[in-house]
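Going by full-length UniProt numbering, the letters in the sequence shown line up with residues 1 to 527, in that order.
Yeah, the Cβ is synthetic: ideal placement off N, Cα and C, and Gly gets one too.
Here is the structure we will look at, set down as structure tokens.
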Amino acid sequence: MPDQSEAGTPEPGPASAPPSVSSNGQIARNTGKSVNRMMKKKKRTADDMNEEFVWPWVDLLGMTEYESKEQRLHDEIVAYASYISPTAQEQRARKLVMARVGELVRRRFPNSTLTPFGSITNQTYLPGGDVDLLMIWPRELDLEGKKKTLYNLSGIFRNASVTQDTLFVFRARVPIMHFETVDELGSLHIDISVNSPDGVKLVPIMEKYLDSMPALRYLVLVVKGYLSQLRLNSAQDGGLSSYSLMKTIELPLDLQRNPKQRPTDDIEKPLEYESLGRLLMDFLDHYGNEFDYTESCVSVTQGKVVSKKSKGWDQTSQSDHLSIECLVNSNWDIGRPTGKIKQVRTAFHNAHMILQGYPFSMAHTNALGAIVGISPETVEHREHLKQLVDSGDLERNLASIQLPPPYVPRRQFQPQQPQQPQHYHHNHHQPNQRQQQPMPSYQPHPQHNPMYQQPAYPYNASYYGNGHTGAAPYYSGQPSQAYYGPQMPNHPASQGYGQGYGAYGYGGQPAQPNYGGGPRPKKRRQF
């Protein structure tokens, strides 16, 4: 690979960057911690750029004589796209893993759905590309609610041994959880977001562009492979997202725009007219040398380049960033998260210079390989994934994952309504209710009840009368003994002070006179 010093040494990204991928293809791990707490990624050095690459698609071309360098480049682009496109095993592996992940999610959130979006829906992802999934839950969630949901999902996946570590990107506009499945499940990279349907709405629009522009798929795969080597192919890492990349490539292919004034057949029939090499050179030259990043904005609604001032996007802290209208919301600038736009522009400039200066001769048969290559680890990973699917091990490993028990929500407390008092009458009968028998207040105590105990002494006003204690009785009449039991016998220590307990106070002490009801004697003053 040629030394692309300026584009190959991007500055470390913002704190919201996803896990970095080292030269050996391993992802930086972090167990359930926010990306803000992770260590800063190591700056890529020239040695990393000079690592070994392979070009398996070159062997498919053979020794063929070409009329021009662009014609040779066209065949290499077709061969590269054929090799790098997802194989049947890679597509099935992602489908099986997504299905099992969806079952785990629905165990915790029964009413949720897991929907793929992005490059996985239109087959424009690279072998190590992320699987973008959107969890749709029929419940309004604020930012903190989305974070809490992602934390819950992280625990589910780690407990089920789907992954060992998870990483959260919370500084982005849409909170994301990123994780890599274990080796037994294919080592796939998965991104999950919650209740952010904009990406799903773009799926049919992107498919329409790919169907109407045959050259778009080839150019997207080549440019994405080139930027991925420089770690500039992810918006979370400050690079160019797949959606933004597709829009930047689509605009020059629009016949109404066509900045290079290419013939219509070159754009509509690129395979027949072998124009992919020329179209790639036009794209790199346009965005590496010609495009005005300070004043221009890519308008998808008007199908042309407009000024940032007309959109009100010129009063930003970074006036030279790439501005692209969103197809779903034209007021949203999807190019703004590209914080490393200077490195992206330099990368396009360098690639154009390298391809333009590549010698055209029979001894030099790898023009595209001057900017795009595949690491040996990528080749090994594709072979490993193929064996997992063909042998059936992937399905068995997924089936062995024990699903958690279904989630049972906690019963919410409902305050009990106060019951209205019910008054019953002995002549009143309420339907569907047991008829209540009246119990008058004058009914005596049920002496036949074994729980009933007779009082310690019966109340009898006659014992408090003048005949015994000299005090006036409390009541003019005395209650009947039928209601209070039989009369108790005399106290054995009465000694003539009266009969029964009435002559004594409580505890067997003689009752004092004048305590019954008359005036009490005055106490004499003590001198």
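Beta-carbon contacts of N432 that lie in its chain and below 7 Å, excluding the five residues immediately before and after: Since pLDDT at N432 reaches only 49, below the 50 mark, its modelled position is unreliable, and no value is offered.
Nearest candidate by alpha-carbon position, reference T166, set G155, V389, V58 and T115: Nearest to T166 by alpha-carbon distance, out of G155, V389, V58 and T115, is G155.
Proximal residues to residue 553 (C-beta, below 7 Å), its chain only, five neighbours per side dropped: Here the chain comprises residues numbered 1 to 527, so residue 553 is not present and cannot be evaluated.
Residues near I249 by beta carbon distance below 8 Å, same chain, minus five either side: L216, L219, V220, V223 and F283
Sheet register partners of F117 (DSSP bridge): Looking at the DSSP assignment, F117 forms a beta bridge with D132.
Close beta carbons around L61, own chain, < 8 Å, minus the five adjacent residues each side: The beta carbon of L61 sits closer than 8 Å to those of D75, E76, A79 and T365, all from its chain and outside the five residues before and after it, given in chain order.
First through last residue of the alpha helix (DSSP H) which encompasses V194: In this chain, V194 is not harboured by any alpha helix (DSSP H); it is covered by the beta strand (DSSP E) spanning H189 to V194.
P337 classed as buried or exposed, judged by whether at least 16 other C-beta atoms fall within 10 angstroms: buried
Contact set for E395: own chain, Cβ-Cβ below 7 Å, skip 5 residues either direction: The residues are L96.
Proximity of I401 and A160 at Cβ, strictly below 8 Å: yes
Cα-Cα separation, T346 to G288: 6 Å
For V200, the nearest candidate out of A99, H381, G392 and G118 (CA to CA): G118
C-beta neighbour in chain D for A351, strict 8 Å: No chain D appears in this structure, which consists of one protein chain only.
Check whether L385 and A88 have beta carbons under 8 Å apart: no
Spatially closest choice to Y83 from P409, G392 and V379, by CA coordinates: V379
Length of the line joining the Cα atoms of I371 and H352: I371 and H352 have their C-alpha atoms some 9 Å from each other.
Three-state secondary structure (DSSP) of V306: strand
Residue of L73, Q123, E70 and S112 minimising C-alpha distance to Q91: Of L73, Q123, E70 and S112, the residue nearest in Cα terms is Q123.
Proximal residues to M213 (C-beta, below 6 Å), its chain only, five neighbours per side dropped: L253
Sequence-distant residues of the same chain with beta carbon closer than 8 Å to N258, five excluded per side: P252 and I267
Within 8 Å, strictly: CB atoms of T181 and V162: yes
CA-to-CA distance, Q343 to M38, given in whole angstroms: In this predicted model, M38 has a pLDDT of only 35, less than 50, meaning its place in the structure is not dependable enough to derive any value.
Coarse secondary structure for S361, derived from DSSP in three states: strand
Buried or exposed (CB count within 10 angstroms, at least 16 for buried), N397: When all chains shown are included, N397 counts as buried.
Simplified DSSP state of S375, which is helix, strand or coil: Three-state result, S375: coil.
Spatially closest choice to K311 from F291, D333 and D292, by CA coordinates: Checked all of F291, D333 and D292; the closest Cα to K311 is D333.
Separation of G335 from S244, as counted between CA atoms: 6 Å
Distance CB(F157)-CB(I374) smaller than 8 Å: The beta carbons of F157 and I374 sit no closer together than 8 Å.
Range covered by the beta strand (DSSP E) that runs through V200: That residue, V200, is in no beta strand (DSSP E); its alpha helix (DSSP H) goes D198 to K201.
Burial state of Q229 (16 or more Cβ within 10 Å): With 16 or more Cβ atoms within 10 Å of its Cβ, Q229 is classed as buried.
Where V408 falls: helix, strand or coil (DSSP): coil
Beta-ladder partner(s) of D333, from DSSP: E325
Beta-carbon proximity list for G25, same chain, < 8 Å, skipping 5 on both sides: Low confidence applies to G25: its pLDDT is 33, below 50, so where it sits in the model is not reliable, and the reading given next is rough at best. Closer than 8 Å at the Cβ level, and outside the excluded window around G25, lie G128, S375, E377, T378 and H381.
DSSP three-state assignment for S242, whether helix, strand or coil: helix
Strand pairing of V162, partner residues [DSSP]: Looking at the DSSP assignment, V162 forms no beta bridge with any residue, so it has no partner.
Residue closest to V169, alpha-carbon to alpha-carbon, out of D183, Y151, L185 and E184: Y151
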